[in-house]
Structure formats: structure tokens, C-alpha cells
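The structure appears right after this line, and notes come after that.
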Amino acid sequence: MPRPITPATASILTLVLALATGLPLPSAAADDPASAYRETAGRILGRALVDEGAWTKLEHLTTRIGHRLSGSPGLEKAVAWAEERMRAEGLEGVRLQPVRVPRWVRGREGVRVVAPVERELPMLGLGMSVGTPKEGITAPVVVVRSFDELNALGRGRVEGRIVAFAPDWEGYGRTVRYRGAGASAAARLGAVAVLVRSATGRSIASPHTGALDYEEGVAKIPAAAITVEDAEWLRRMAAAGETVTVSLHMEA
155 MPRPITPATA SILTLVLALA TGLPLPSAAA DDPASAYRET AGRILGRALV
205 DEGAWTKLEH LTTRIGHRLS GSPGLEKAVA WAEERMRAEG LEGVRLQPVR
255 VPRWVRGREG VRVVAPVERE LPMLGLGMSV GTPKEGITAP VVVVRSFDEL
305 NALGRGRVEG RIVAFAPDWE GYGRTVRYRG AGASAAARLG AVAVLVRSAT
355 GRSIASPHTG ALDYEEGVAK IPAAAITVED AEWLRRMAAA GETVTVSLHM
405 EA
């Protein structure tokens, strides 16, 4: 069943159709090269606002197929489904091409605070992270808000420890850099693993993962995302002078 058109959508649709039918426009538009395409663009936009095809396809991918990590069975299923749908809709020249892609397997994982209190921390290993040794890694945590803070600590206060990146939220584009480059930045100073605040401004105690990028020539260390709430808790513990020790296990 088509989804109902909201008042906001109806207003946009009315405007688009008005443009498409050639209602008077400001004089500045007469010199706009895009005016030659206004009618066609209006019809396309108008159709898009009431068509359910794209929504249905997205729903199928996310609900019925699910995760589609590189090299996973889910991705293979999605590719086969996309080919079938393209052929069914009459597209010409549909073909599959062999490609090589990296394949990363998460495995079982977990992180637990062992001192000064004991509790589990919700976590998700970062995509392409290496795993821990079979016995895991247990080490004290050093908390930093930025790369500058990390480098200011120096090797003496980082080596053998787990670095927790707990930056302030500065929008996705600036905050996500700790997820991408944090592991190598910490490894250069001898850290044994990193925990990274999820790159999101909102959280309900839910970790938010993504991929990392290891720097060439720098030791690869395990890296995992933790929740916004736990990153802030680690900051408060550090500010209170408490040393938090955690045990990290990742089979990635």
C-alpha cells in the first residue's frame, strides 16, 4: 500500500508541479540555463514524491537481506537480488563482473571493566580491526579528548596501555577521525589497543561502529567502538583521578 502523502510532501509536490506547468517565475530565472530543463525536472521530481519503488527496494535490502558486509553471504544475496530486479524491470545490458574484495569477520568480542569496579561495556569492534590474542588484553586505560592530548602524554604514559578516545561531539566529519586514525596514532606511542567513542551525537547506550584505516609501517592494534555514555564515564573517572582497567577480547 502506498504511504500517505504528508502535508509537507503535498506542499513540495504542489510547488514542483507548478514549476513544471510554467507558472510565472522571477525575472532572474529567465537567464538561468536550467530553465530549459524545468518542465522535465518537475515531472521527474513530482513522480519521485509519490512513487514507492525506491522505498520498497530499500526496505527489501535492509529488512529481508540485512547486513551486507564486504565478502559476506549477505552481500552475495544482495547482488543476486539486484541483478534479478534489474532484469525484471527491463534494463538492458545487465551483467555481473568478478571482483576481489576484502573480507573481515567480527567473531566473538567483548570488553569488561575489571577495576576499580566490574561491569561490561557495550562495544563493537571496528571494521578491519585485528583481533586480540586468545587470552585477550587486560590493561589500564588512558583517556584523551584529541590527538593533541594523546601526543602530549608521550610514550611514557601511553605504552602498554589501552587508549580511550573520548572527544567532544563536533559533528560527524570531525569526530569520526578518531575512529579512522586513532588506532595507528595510539600504536605509534606503544598503546596495545584503543576504545573509541561512537561517532554519533545521540546514543541510547548503543555502540556505533565503522571501519578504521591502519597506517603503513605502524603496528596494528585492536580497536573497538564504545558508547557515548561510557566514553563520558571514562572521562569523568579520569578527571576524578581513578585508573580504570579493562579486559578486551576480540576474535576479529
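Residue 210 in the numbering used here sits at position 56 of the sequence shown; the count goes up by one each step and never skips.
Ideal placement from N, C-alpha and C gives every residue a C-beta, glycine not left out.
Rounded to the nearest angstrom, what separates Ile380 and Pro252 at their Cα positions? Each residue's Cα considered, the two are about 36 Å apart.
Quick check: the Cα distance between Gly364 and Leu280, rounded to an integer number of angstroms? 6 Å
Count the other CB atoms, across all protein chains shown, that sit within 10 Å of the CB of Gly290; report buried if there are 16 or more and exposed otherwise. buried
Since Met240 is in the alpha helix (DSSP H), which residue starts that stretch and which ends it? 227–242
Which two residues bound the contiguous alpha helix (DSSP H) that contains Glu303? 301–307
With H, G and I counted as helix, E and B as strand and the rest as coil, what does DSSP make of Gly336? helix
Closer than 8 Å is the cut-off here; do at least three beta carbon pairs connect the region 256–274 with the region 237–245? Note that the region 256–274 does not touch the region 237–245; fewer than 3 beta-carbon pairs, one per stretch, sit closer than 8 Å.
On the criterion of 16 or more Cβ atoms from any shown chain inside 10 Å, does Ala394 qualify as buried, or is it exposed? exposed
Have a look at Glu313, Arg311, Val317, Thr286 and flag the residue whose alpha-carbon is nearest the alpha-carbon of Ser300. Val317
Buried or exposed: where does Gly355 fall if 16 or more other Cβ atoms within 10 Å of its Cβ makes it buried? exposed
What does the alpha-carbon distance come out to for the pair Ser224 and Val255? Pairing Ser224 with Val255, the inter-Cα distance amounts to about 6 Å.
May I ask you to list the residues that DSSP assigns as paired with Leu402? Val265, Ile291
What does the Cβ neighbour count give for Ser338, buried or exposed, with the cut at 16 atoms within 10 Å? With 16 or more other Cβ atoms within 10 Å, it is buried.
Reduced DSSP secondary structure (H/G/I, E/B, other) of Ile198: helix
My understanding is that Glu263 touches Glu383, with C-beta atoms under 8 Å, so please give their C-beta distance in whole angstroms. No, Glu263 and Glu383 are not in contact; Cβ-Cβ is about 19 Å, not under 8 Å.
Give the straight-line distance between the Cα atoms of Arg197 and Gly228, rounded to the nearest whole angstrom. 36 Å
Extent of the continuous alpha helix (DSSP H) to which Glu383 belongs: 382–393
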